[in-house]
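In the working numbering, the protein residues as written are 111 to 344.
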């Protein structure tokens, strides 16, 4: 279904594609490249959104992500936002996730008949010095061992991947549990260069999601960084 209005001029590319190595049945992913500096309050208004007190960058990221989600849903309506959590409000029978960073926005949606929840995250490549400072905060002792012997930038890239995967897992599990959990509450247990990894919970979140449970995640290089997707089957 086409949008009722032309795409905002600050969005340069909008496309449906599948960047990961393995397909997930029924999932649709749409990404956009956009220029936050060329966005305006009128872009928000033409989609029925009131400009907020946030910066132009934040407003353009929000709108680009919602437009990606609407295109993935084949809808002319942008998903709403929960007033408390800020999470997208998906139509009944649908789940999804939205992410954006540095002029890139990506959204994924699927039927809840196929998938219970999805978590998507994009992260820009982390500079080696910053990665070294963040290592003990973002990584468990087990994960830090994986970085031993790697050159600085390779280790930084690996840290960025783990960070993004944990963000994706949080975005998949938080809507189901309502529980906040941090970077030390999950760890990567399996990883391969083809684009797959597994994450393990290190604490109980609910009666259903408990310590030791493992969750699959896909990853791929994307837009000068990495894109990760955590998914829970229905």
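The beta-carbon is built from N, C-alpha and C at its ideal position, and this holds for glycine as well. Just so we're clear, the structure is a prediction, and the values are computed from it rather than from any experiment.
Beyond the five residues adjoining it in sequence on each side, residue 123 comes within less than 6 Å, by CB distance, of 143 in the same chain, given in chain order. DSSP places residue 331 in the strand class (E or B) of the three-state scheme.
For residue 252, the enclosing alpha helix (DSSP H) has its first and last residue at 251–257.
Its chain contains 291, 295, 321 as the residues whose beta carbon lies nearer than 7 Å to that of residue 313, once the 5 sequence neighbours on both sides are disregarded; these appear in chain order. Counting of Cβ neighbours within 10 angstroms places residue 201 among the exposed residues, the total staying below 16.
Judged by DSSP secondary structure, residue 170 falls outside any beta strand (DSSP E) and instead within the alpha helix (DSSP H) spanning 166–182. Under DSSP, residue 204 forms a beta bridge with 221.
Secondary structure of residue 237 (DSSP, three-state): coil. Here the segment 172–182 makes contact with the segment 214–229; the two share three or more CB pairs at distances below 8 Å.
Distance from the CA atom of residue 182 to the CA atom of residue 207, rounded to whole angstroms, is 11 Å. Of all alpha-carbon atoms in 145, 137, 140, 170, the one lying nearest the alpha-carbon of residue 151 is that of 170.
Within the model, the alpha-carbon separation for residue 288 versus residue 326 is close to 20 Å. If you ignore the 5 residues before and after residue 199, its C-beta comes within less than 7 Å of the C-beta of 189, 190, 191, 192, all in its own chain and listed in chain order.
Distance from the CA of residue 302 to the CA of residue 246, rounded to the nearest whole angstrom, comes to 22 Å. Out of 156, 317, 136, the CA that lies nearest to the CA of residue 127 is found in 136.
Taking the C-beta atoms as reference points, residue 228 is found nearer than 8 Å to residue 339.
Between residue 129 and residue 149, the C-beta gap is not smaller than 8 Å, which leaves the two residues out of contact.
In this structure, residue 268 and residue 131 do not form a Cβ contact; the two beta carbons are roughly 18 Å apart against a cut-off of 8 Å.
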